[in-house]
Amino acid sequence: MKNFANLMKQASQMQSKMTEMQEKLAAITIEGVSGAGMVTVTLGGKGDMKSIKIDPKLADPAEMEMLQDLIVAAYSDARRRLDETTQEEMQKVTGGINLPEGLKFPF
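Mapping of the sequence shown onto full-length UniProt numbering: position 52 corresponds to residue 52, and the numbering continues sequentially without gaps.
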């Protein structure tokens, strides 16, 4: 019975750490860039796009298709970086324990 109580205490501590980590990640911002810095996308910690910066040289109507592709690439870069940061933070909380596949935190 003592082991069960200890296990429950550890689970409670891990839950507190997970909540802390979720709050920390929700507060971060990550930038993704494409086109050698011509397009920059900033995401919040939950993957929501906060801002986009576009080099004025790209506003040429003849370049719109390229602009659209660069926006998508910048968002993808920011999202990849966010996923990496989230995974690193999860490793810190779980102590390297791999969570079951399909169980993604914090979102």
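Virtual Cβ for every residue (Gly too), placed ideally from N, Cα, C.
DSSP three-state assignment for residue i, whether helix, strand or coil
i	result
residue 110	Coverage of the chain is limited to positions 1 through 107, which leaves residue 110 absent and any answer about it impossible.
I54	strand
I71	helix
D60	coil
Span separating the alpha-carbon of residue i from that of residue j
i	j	result
D77	G47	12 Å
E31	M90	20 Å
V41	M64	17 Å
I71	V39	6 Å
G37	K9	48 Å
P61	I54	14 Å
F4	D69	54 Å
E23	L7	24 Å
E84	G45	12 Å
T19	R79	21 Å
Q13	L82	25 Å
Candidates the options: closest to residue i by CA position
i	options	result
K50	P61, I28 and M38	I28
G35	A74, Q22, M8 and M18	A74
A26	L43, L58, M14 and S12	L43
V33	Q13, M18 and I52	I52
T86	A11, P56 and M21	M21
Chain D within 8 Å of residue i, Cβ atoms only
i	result
V33	Here there is only one protein chain, and chain D is not present.
Contact test: residue i Cβ vs the ligand GDP heavy atom, cutoff 7 Å
i	result
A73	The ligand GDP is not part of the structure shown, which contains no ligands of any sort.
Minimum length 4: unbroken alpha helix (DSSP H) runs contained in the segment 5-43: none
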